[in-house]
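In the working numbering, the protein residues as written are -13 to 521.
This is the structure:
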């Protein structure tokens, strides 16, 4: 009992009892549930863990610029960071996600044959546009290359912005072009690299602007403030454009914001490498130290100590050769007699020491025998945080078939999720804009397209298959696909995409054409099988 309790007890014992009971109750509450774990204030391991969390804008936006710079630096300089991002690009996008229209013929009350005919027409004409660099506002990339850039920008910077624009081009009947922007160009008007202003009020609309993104009273994004230059340029040379989030007539998005939110009311993206950026940097430093130690251990240098400091005589070695093998490549007598005397460690170098000088070499036992195990351990935790198994992150499949197969399946869940999310954020909005223009110009004939939104939705449905999962044992995996089809658990189209990324209908048409050719030549499948066995 402290002095206050004693004083209260002297004048009012009843009140003192209530105080004591209340304190006991409070102490009991503090010892329940998470107060003994994550919320403990008493444990030595947790007592000094001081942390604060605020709004997504304070937690994320205030730190976003530094996170971006460090994430990009990690990708440029760290093999593990490079592997993590490139592995995502290779498996999520690959050579590009190709359009497969999926018209809802039942809703439109048309025959499957008519729907297939329309789908082939749309697919051909869209691919013609997508395969041309006219779809890029800079004229440098195809649509499939833009997919790669958009995904890698999201991974490195946490987000990517795409702006549909209409540009006249005599080589294309479609005016739609895509302009990609990094998140660095979306920030509040008047901000600079030295002064980051993440919150202000738009005086014209009274809407809030969080780090370049304007929201209304319902927290809905209504506009983006796009700078003409990066914030490291002189502020006087930068202007801002306020671009509405959606078109007033079509309702289509004017700005595609490719990012993945993890908190409600989060308007800016977090770099993919952010949770592991410290581990990646420390691993890079450790690798540099081990590589340097191994290089130094691999150097062979000779140190000769003489009584007078003069170079010894080498039989069969003339002055030119001797001078070329000394430190710095200069004649040894001049180098020795000068004011400064430099020793050099290098391949085959010969150094002569002055009287009284000696060399002490520290043997660091490098490279360390634990180097590989330590790197593997760090990569395992890094890969776990990034949803990439260690085998895939290091491209090292040294375990059993079952273990490697399990790693690929685990990674494939992550890649499939990212592919679906990316297609919804980037591919589908762009495809819908292309379809709007193509139908309006009569390039594609879709009856009733502009009648109502439900018909447009039925015509606009699409899938975006990409790289297949890959096969460790093709025999087993093809047999499994056949079993799923036979049991009604899957279909040929889905299995063709997942096994090797091909189009099932095109496969059947090609097989039919090949069978006709074989029949003309009098060749049967049995003949081919027998020939294979004989070989």
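Even glycine gets a Cβ: it sits at the ideal position worked out from N, Cα and C.
These numbers were taken from a predicted model, which means no experiment stands behind them.
Work out the CA separation of residue j and residue i for me, nearest whole Å.
{"i": "residue 170", "j": "residue 278", "result": "36 Å"}
{"i": "residue 130", "j": "residue 272", "result": "38 Å"}
{"i": "residue 427", "j": "residue 491", "result": "29 Å"}
{"i": "residue 470", "j": "residue 192", "result": "58 Å"}
{"i": "residue 110", "j": "residue 446", "result": "15 Å"}
{"i": "residue 3", "j": "residue 21", "result": "26 Å"}
{"i": "residue 476", "j": "residue 134", "result": "30 Å"}
{"i": "residue 363", "j": "residue 268", "result": "13 Å"}
{"i": "residue 148", "j": "residue 375", "result": "31 Å"}
{"i": "residue -7", "j": "residue -1", "result": "9 Å"}
{"i": "residue 408", "j": "residue 127", "result": "18 Å"}
{"i": "residue 232", "j": "residue 238", "result": "5 Å"}
{"i": "residue 186", "j": "residue 243", "result": "21 Å"}
{"i": "residue 82", "j": "residue 452", "result": "6 Å"}
{"i": "residue 390", "j": "residue 68", "result": "22 Å"}
{"i": "residue 154", "j": "residue 77", "result": "35 Å"}
{"i": "residue 86", "j": "residue 64", "result": "37 Å"}
{"i": "residue 245", "j": "residue 136", "result": "10 Å"}
{"i": "residue 152", "j": "residue 240", "result": "12 Å"}
{"i": "residue 168", "j": "residue 51", "result": "12 Å"}
{"i": "residue 421", "j": "residue 108", "result": "8 Å"}
{"i": "residue 96", "j": "residue 80", "result": "35 Å"}
{"i": "residue 203", "j": "residue 195", "result": "11 Å"}
As a quick exercise: from the options, pick the residue whose alpha carbon is nearest that of residue i.
{"i": "residue 609", "options": "429, 81, 480 and 435", "result": "With the chain covering only -13 through 521, there is no way to say anything about residue 609."}
{"i": "residue 144", "options": "280, 49 and 354", "result": "49"}
{"i": "residue 234", "options": "359, 209, 1 and 217", "result": "209"}
{"i": "residue 90", "options": "81, 508, 432 and 391", "result": "432"}
{"i": "residue 367", "options": "106, 66, 444 and 124", "result": "66"}
{"i": "residue 106", "options": "57, 489 and 146", "result": "489"}
{"i": "residue 158", "options": "146, 166, 119 and 189", "result": "119"}
{"i": "residue 84", "options": "247, 360 and 414", "result": "414"}
{"i": "residue 360", "options": "266, 385 and 393", "result": "266"}
{"i": "residue 401", "options": "-11, 183, 378 and 420", "result": "378"}
{"i": "residue 59", "options": "73, 5 and 270", "result": "270"}
{"i": "residue 43", "options": "372, 152, 419 and 184", "result": "184"}
{"i": "residue 358", "options": "372, 380 and 341", "result": "380"}
{"i": "residue 92", "options": "25, 205, 6 and 441", "result": "441"}
{"i": "residue 494", "options": "505, 479 and 485", "result": "479"}
{"i": "residue 249", "options": "41, 504 and 411", "result": "41"}
Flag residue i as yes when its Cβ comes closer than 6 Å to any non-hydrogen atom of the ligand GDP, and as no otherwise.
{"i": "residue 431", "result": "The ligand GDP is absent from the structure shown, which contains no ligand whatsoever."}
Using the three-state DSSP reduction, which class does residue i fall into: helix, strand or coil?
{"i": "residue 149", "result": "strand"}
{"i": "residue 91", "result": "helix"}
{"i": "residue 99", "result": "helix"}
{"i": "residue 226", "result": "strand"}
{"i": "residue 461", "result": "helix"}
{"i": "residue 323", "result": "Any reading at residue 323 must be qualified, since the residue scores a pLDDT of 39, below 50, and its modelled position is unreliable; the value itself is stated next. It is helical."}
{"i": "residue 396", "result": "helix"}
{"i": "residue 239", "result": "strand"}
{"i": "residue 430", "result": "coil"}
{"i": "residue 314", "result": "Residue placement at residue 314 cannot be trusted, given a pLDDT of 45 that sits under 50; what the coordinates show is reported in the next sentence. Of the three classes helix, strand and coil, the one that applies to residue 314 here is helix, per DSSP."}
{"i": "residue 194", "result": "strand"}
{"i": "residue 163", "result": "strand"}
{"i": "residue 206", "result": "coil"}
{"i": "residue 249", "result": "coil"}
{"i": "residue 199", "result": "strand"}
{"i": "residue 20", "result": "helix"}
{"i": "residue 232", "result": "strand"}
{"i": "residue 213", "result": "strand"}
{"i": "residue 38", "result": "coil"}
{"i": "residue 172", "result": "strand"}
{"i": "residue 473", "result": "coil"}
{"i": "residue 447", "result": "coil"}
{"i": "residue 281", "result": "helix"}
{"i": "residue 185", "result": "strand"}
{"i": "residue 4", "result": "helix"}
Can you round the beta-carbon distance between residue i and residue j to whole angstroms, since I take them to be within the 8 Å contact cut?
{"i": "residue 424", "j": "residue 160", "result": "7 Å"}
{"i": "residue 254", "j": "residue 46", "result": "6 Å"}
{"i": "residue 150", "j": "residue 416", "result": "7 Å"}
{"i": "residue 212", "j": "residue 200", "result": "Going by Cβ atoms, the distance from residue 212 to residue 200 rounds to 11 Å, so no, they are not a contact pair."}
{"i": "residue 115", "j": "residue 121", "result": "6 Å"}
{"i": "residue 54", "j": "residue 257", "result": "6 Å"}
{"i": "residue 162", "j": "residue 419", "result": "6 Å"}
{"i": "residue 225", "j": "residue 217", "result": "Residue 225 to residue 217, Cβ: 13 Å. No contact."}
{"i": "residue 482", "j": "residue 88", "result": "With 8 Å as the limit, residue 482 and residue 88 do not qualify as a contact, their Cβ atoms being about 15 Å apart."}
Can you confirm whether residue i, when its beta carbon is compared against all beta carbons of chain D, has any partner nearer than 7 Å?
{"i": "residue 84", "result": "Among the protein chains of the structure shown there is no chain D, as only one such chain exists."}
* Report yes or no: do the region 130 to 142 and the region 387 to 399 share at least 3 C-beta pairs separated by less than 8 Å? => no
* Cβ contact check for the region 21 to 36 and the region 96 to 105: 3 or more pairs under 8 Å -> no
* For the region 356 to 372 and the region 257 to 268, state whether three or more C-beta atom pairs, one from each stretch, are separated by less than 8 Å. => yes
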